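Notes to accompany the following structure.
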Amino acid sequence: MRTFVKFLTLTFFKSLIFVLIVMLCLVYILNLLSELDFFKEINVDVYFPLFLSLLNSPDMVFEMFPFIFLISTQLFFIKLFNNNEIEVFKYSGLKNTKIIQILSIISIITGILLTTIFYNFSSNMKNFYLKLKSQYTSDGKYLAVVTKNGLWIKDEIDNKIIITNSSEINQNFLINNFITEFSKDYTVIRNIKSPKIDITNNEWLIFDAKIYNKNDYTNYDTKNLKTNFNLDRIQTLYSNLSSLSLIELYELRENYKKLNYSVTEVELQLLKLISLPIYLLLICIFSSLIMLRVKRLENTTFKIALGLFFSVIIYYINNFFFVLGKTEKIPLLASIFFPILIFILINSIMISRINEK
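For the sequence shown, the working numbering begins at 6 and goes up steadily by one.
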């Protein structure tokens, strides 16, 4: 590796690690305040909120990586400007575009590693966090999951435990259902078999119900069943997809398809992860171009403030298109890649005559 490449790489990673540590500390403190507020009336060990805050921090930091890369690139150039190293490189024949090229390679490789390694780590931590915290929420005794065997719902109501298995969701109906009611000590009370259940409300309407009680059964045209679940609640099964690894997201998508369940949010999350390395690459280039164009400004605080200003704009642009894709107002690919195309256009315009800066 050439000396200047090694120097630029080390300088960038020093800036990246510094910003990452600062962000991690800030996120941890904010998480801790949130957990302390949540557990203020719940008797738990002192270490427990500290531990939960630590588990939840990697996921929040992962969402902030575009901002981390933008600020890290700024600090990288500020160091070069302050030590006049950028001028030394220029006189040595190293053009600004070459520096941007080196940073681009670093950022896209780092982005791939973050997506394949750091994300899976943060999702596992998030999953563990949700499991631990769910024990202290009112929803802890309720469970709804999608597997290759269909939809499974565990519910507790009126001193009974109800487990429902359905093969498909069709509009507001569960299709091909088998329900088992247990007592609190898991003694079977009765079984219900039905081809279709209306789940519009919490009181389900069961059609063509065959109710098994001991060794006998009774047929009913319709039967009502009181539950804690309805269509709206079931549709938010995996509202926190960040707790699933890449492999689990792919499996969930396939299971949703088998269940005839909407895969919009899952595919949006997968596209978001797949496009992250490209997004970080463009963020790094954008930040580099901004810094090279304002390098003569002496005020470092203004340079950082400028970066934070653009960070906010970038966040709202991405969030706007993400919401449009999530609500299916625009195609999923457009919601992810249209902001990227905007970045490419802006970077293409800004890169002109950058070697003269």
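Beta carbons are placed, not taken as given, at the ideal position from N, Cα and C, and that holds for glycine. From a predicted model like this one, the values you see are computed outputs, not experimental measurements.
Looking from the CA of Asn181, the closest CA among Ile341, Asn170, Tyr191, Gln274 belongs to Asn170. The beta carbons of Ile204 and Leu236 sit about 5 Å from each other, so the pair counts as a contact at 8 Å. Residue ranges of uninterrupted alpha helix (DSSP H) with 4 or more members, entirely inside the stretch 163–247 and ordered along the chain, are 236–239.
The stretch 154–168 and the stretch 184–192 touch, with three or more beta-carbon pairs separated by less than 8 Å.
Across the set Tyr141, Ile168, Ser172, the C-alpha of Ser172 shows the shortest separation from the C-alpha of Leu156. For Gln274, same chain residues with a beta-carbon under 7 Å away, outside a window of 5 residues either side, are Leu246, Leu254 in chain order. Taking every protein chain shown into account, the CB of Thr232 has 16 or more other CB atoms within 10 angstroms, so this residue is buried. A distance below 7 Å between beta-carbons, with the five flanking residues on each side excluded, links Gly116 to the following residues of its chain, in chain order: Leu281, Pro282, Leu285, Leu286. Ser77 and Lys84 have their C-alpha atoms some 11 Å from each other.
Leu311 places its beta carbon less than 8 Å from that of Val299. For Leu25, the three-state secondary structure derived from DSSP is helix. One Cα belongs to Leu13, the other to Asn177, and the distance between them is close to 58 Å. Going by C-alpha positions, Thr8 is about 11 Å away from Leu15.
Non-local C-beta neighbours of Pro54 in its own chain, meaning closer than 7 Å and more than five positions away in sequence, comprise Leu37, Glu40, Leu41, Phe44, ordered along the chain. About 20 Å separates the beta carbon of Lys262 from that of Ile341, a gap too long to meet the 8 Å contact definition.
A distance below 6 Å between beta-carbons, with the five flanking residues on each side excluded, links Val49 to no residue of its chain. Rounded to whole angstroms, Ile34 and Tyr222 show a C-alpha spacing of 58 Å.
Using a 10 angstroms sphere on the CB of Val271, the tally of other CB atoms reaches 16 or more, which defines it as buried. Taking the CA atoms as reference points, Leu57 sits about 44 Å from Asn218. For the pair Ile184 and Asn196, the CB atoms are nearer than the 8 Å cut-off. DSSP places Leu156 within a strand segment (E or B) once states are collapsed to three. For Leu21 against Val66, the beta-carbon gap comes to about 12 Å, at or over 8 Å, which does not count as contact. A residue is called buried when at least 16 other Cβ atoms come within 10 angstroms of its Cβ; Asn220 does not meet this threshold and is exposed. Going by C-alpha positions, Ile111 is about 33 Å away from Val268. DSSP places Glu161 within a strand segment (E or B) once states are collapsed to three. For the pair Lys308 and Val317, the Cα-to-Cα distance works out to about 15 Å.
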